[in-house]
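K.L.:
So in UniProt numbering, spot 7 of the first sequence is number 7, and the numbers just go up one at a time.
We put the beta carbon where it would ideally sit given N, CA and C, even for glycine.
Quantities reported herein were computed from a predicted structural model and do not represent experimental measurements.
Have a look at the structure that comes next, please.
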Amino acid sequence: MLLIATSYGAPHIESRVREHRLELYARHMAVTGDETESAATGDISAYQIHNPAPSLPQGVMMSGSPNSMHCPQQHTEEATRKREVRLLKNRDAAKECRRRKREYVRCLENRLSVLEVQNKKLLEELQYLKDIYSVKSS
DNA sequence: AACCATTGGCGTCATTCACG
DNA sequence: CGTGAATGACGCCAATGGTT
């Protein structure tokens, strides 16, 4: 079972998204009549529905020795399992990556507002000094 | 209320990069 | 050089706010 609780984002949205995917998937199954292991668990993404998995999962090499798998059935099961693990890892990596990016942007925005205040103060000070100078020199 | 544009978050794929 | 992690790009969806 690959369904995991997501760590980021609003939980109420997460669950609704999941429900929506399940609905889409149910519709997909109704049309195709296809049924896989992930179908049984409901572990399916919207993208997978719109973009059926290629015949060869990403990153799975053709060069696997024929002896490593006893039969084609086992080979495809192993390939499917590897693909699911890879997708799960990449899903989590993407979430973490986005979280860091949001944090980075927040930091930049904070720094911007600090610098804006600083700049304003310096401009005011500059004006003040200019005024003093002009009064003295006149 | 219906419609539309914008925004934010997600999953996936493709690519890059660092490491063993 | 193969492999896994990180990330940009893309498309999708839901929520939200503005407009008619």
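Take residue 89 and list the residues in its own chain whose beta-carbon comes closer than 8 angstroms to its own, dropping the five residues that flank it on each side.
P.N.:
none
K.L.:
Considering residue 97, what are the terminal residues of the alpha helix (DSSP H) in which it resides?
P.N.:
Run containing residue 97: 72-137, per the alpha helix (DSSP H) assignment.
K.L.:
Taking 6 angstroms as the limit between beta carbons, can you name the residues of its chain near residue 61, skipping five residues before and five after?
P.N.:
At residue 61, the pLDDT of 34 sits below 50, so the modelled position is not reliable; the number obtained from the coordinates is stated separately. Same-chain partners within the cutoff: there are none.
K.L.:
Let's test the definition: count the other Cβ atoms within 10 Å of the Cβ of residue 79 and tell me whether it reaches 16, buried, or not, exposed.
P.N.:
buried
K.L.:
From residue 81 to residue 98, what does the alpha carbon distance come to, in whole angstroms?
P.N.:
26 angstroms
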